[in-house]
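Participant: Just dropping this structure here.
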Amino acid sequence: LLSWLAVQVKPRYHFVGLEGVFYERPPYRNLDTGCDSGSHLTRFMSLGTVGGDARWLYAASLTPVDIMSAQELRQQTTDQTELPYTGRALGASIGGTSDGGAGHQYFYDMTPAKQSRDGNGPREKRARMEFDQGSCWFCLASPQVEKHLVISIGQEVYLALAKGGLVDGHVLILP
10 LLSWLAVQVK
20 PRYHFVGLEG
30 VFYERPPYRN
40 LDTGCDSGSH
50 LTRFMSLGTV
60 GGDARWLYAA
70 SLTPVDIMSA
80 QELRQQTTDQ
90 TELPYTGRAL
100 GASIGGTSDG
110 GAGHQYFYDM
120 TPAKQSRDGN
130 GPREKRARME
140 FDQGSCWFCL
150 ASPQVEKHLV
160 ISIGQEVYLA
170 LAKGGLVDGH
180 VLILP
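Numbering-wise, the numbering used here comes out as the position in the sequence shown, counting from 1, plus 9.
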């Protein structure tokens, strides 16, 4: 469903964080449907688990589409790739049976690594980092959080205004 949605919506940025790994693939070119006179690129970013070894924070400078020219929107890069989705994701309907089965994704290998760094046996688990919520600026349970800056609280993330916004409309998306 998500691959079908990504093909249909053609986002400029596609952020994911479910698997807890960091991965930034080269931007891919969306399908040109003929009705939008050209195609723009999508940048895919997978973020790690908060406090884990993988990078989990990413700062993006997003320019709203309504203030971009068509030429800026369709700007191509030298490292762009073709659309990574195949099969049913390219269809116009999400009904029917699946031809690829559940769990397919097209960006990187999600099989868990069972080997240690030297290849001799299972990898040792690291102790989880402990966080002091009392001194955390971003933890909603902290007495130091500035709740007047919170815009919206969702199930996975919340939106907050930055104390000193970089540009008009600058918001923080926090897990």
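Where is the CB? At the ideal position from N, CA and C, for every residue including glycine.
Taking C-beta to C-beta, are GLN222 and ARG38 nearer than 8 Å?
Facilitator: A question about residue 222 goes unanswered here, because the residues of the chain that appear run from 10 up to 184.
Participant: Please work out which residues of its chain come closer than 7 Å, Cβ to Cβ, to CYS145, disregarding the five sequence neighbours upstream and downstream, and give them in chain order.
Facilitator: For CYS145, the CB contacts under 7 Å within the same chain, skipping 5 residues up- and downstream, are SER151 in chain order.
Participant: Given GLY112, which residues of its chain have a CB within under 6 Å of its CB, disregarding the five upstream and five downstream residues?
Facilitator: Because the pLDDT of GLY112 is 47, which lies under 50, any placement of that residue in the model is unreliable, and the number read from its coordinates should be weighed accordingly. Cβ within range, chain order: n/a, list empty.
Participant: Quick check on GLU33: does DSSP put it in helix, strand or coil?
Facilitator: strand
Participant: Starting from the Cα of LEU181, find the closest Cα among ALA68, THR95, VAL59, MET138 and give me that residue.
Facilitator: ALA68
Participant: Quick check on SER161: does DSSP put it in helix, strand or coil?
Facilitator: strand
Participant: With a CB to CB cut of under 6 Å and the five nearest residues on each side skipped, what residues in its chain are close to ARG52?
Facilitator: TYR22, PRO36
Participant: Using a 10 Å radius around the Cβ and a threshold of 16 neighbouring Cβ atoms, would you call LEU50 buried or exposed?
Facilitator: With 16 or more other Cβ atoms from the protein chains shown falling within 10 Å of its own Cβ, LEU50 counts as buried.
Participant: Just to confirm, is the Cβ distance from TYR94 to VAL16 under 8 Å?
Facilitator: yes
Participant: Since SER55 is in the beta strand (DSSP E), which residue starts that stretch and which ends it?
Facilitator: Note, SER55: beta strand (DSSP E), 50–55.
Participant: Since LEU183 is in the beta strand (DSSP E), which residue starts that stretch and which ends it?
Facilitator: 180–183
Participant: Using a Cβ-Cβ cutoff of less than 6 Å, which residues in the same chain neighbour GLU33 once the five nearest sequence positions on both sides are dropped?
Facilitator: MET54
Participant: Under three-state DSSP, which class holds ALA171?
Facilitator: coil
Participant: If you check the beta carbons only, do THR149 and LEU158 fall under 8 Å apart?
Facilitator: A small correction: the amino acid at residue 149 is Leu; Thr does not occupy that position in the sequence shown. Contact flag unset, no.
Participant: Is the beta carbon of VAL25 sitting closer than 8 Å to the one on PRO184?
Facilitator: In this structure, VAL25 lies away from PRO184, with their beta-carbon atoms at least 8 Å apart.
Participant: Only counting the same chain, and skipping five residues up and downstream in sequence, which positions put a Cβ closer than 8 Å to that of GLN114?
Facilitator: Caution applies to GLN114, whose pLDDT of 45 falls short of 50 and renders its modelled position unreliable; the model cannot decide the point.
Participant: Could you have a look at VAL25 and say whether DSSP puts it in helix, strand or coil?
Facilitator: strand
Participant: Taking buried to mean at least 16 other C-beta atoms within 10 Å of its own C-beta, is LEU27 buried or exposed?
Facilitator: exposed
Participant: Just the Cα atoms here: how many angstroms apart are ILE160 and SER48?
Facilitator: 33 Å
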